[in-house]
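Each step along the sequence shown adds one to the number in our numbering, with nothing skipped, and position 30 is 55.
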Amino acid sequence: MSVSGSRAKLKDAHRQLLVAWQRSQETWDDPVSQALWRKQIEPLETTLRSVLNAMDSINEVLERVRRECGDDQSA
Numbered sequence: 026m027s028v029s030g031s032r033a034k035l036k037d038a039h040r041q042l043l044v045a046w047q048r049s050q051e052t053w054d055d056p057v058s059q060a061l062w063r064k065q066i067e068p069l070e071t072t073l074r075s076v077l078n079a080m081d082s083i084n085e086v087l088e089r090v091r092r093e094c095g096d097d098q099s100a
């Protein structure tokens with residue numbers, strides 16, 4: 026699977042997590058759920074942004090390598 030495909034899957038999984046969390050909050054909104062959000066789910070936002078940025082960087086490098094290797098093969 027490509028980096029961009031993996032990136033899309035990761036973003037979709039995150040979206041699904043947030044949808045499920047919102048649904049759970051309709052019936053579960055107490056100090057325990059708030060602590061779970063604060064300690065587990067909320068920190069994922071920062072980590073996810075970092076991971077997605079890293080995946081973008083990796084994808085750029087891989088694209089550059091493919092272009093350069095393609096140029097070498099055609100010479």
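Even glycine gets a Cβ: it sits at the ideal position worked out from N, Cα and C.
Exercise for the section: Please go through the segment 27–61 and give each complete alpha helix (DSSP H) segment of 4 or more residues, from N-terminal end onward. Expected result: 28–50, 56–61
Problem - Proximity of residue 28 and residue 84 at Cβ, strictly below 8 Å - result: The answer is yes: Cβ separation under 8 Å.
Practice task
Rank 51, 91, 46, 54 by C-alpha distance to the C-alpha of residue 66 and give the top, closest one.
Solution key: 46
Problem - Pairwise C-alpha distance: residue 32 and residue 75 - result: Rounded to the nearest angstrom, the gap between the Cα atoms of residue 75 and residue 32 is 12 Å.
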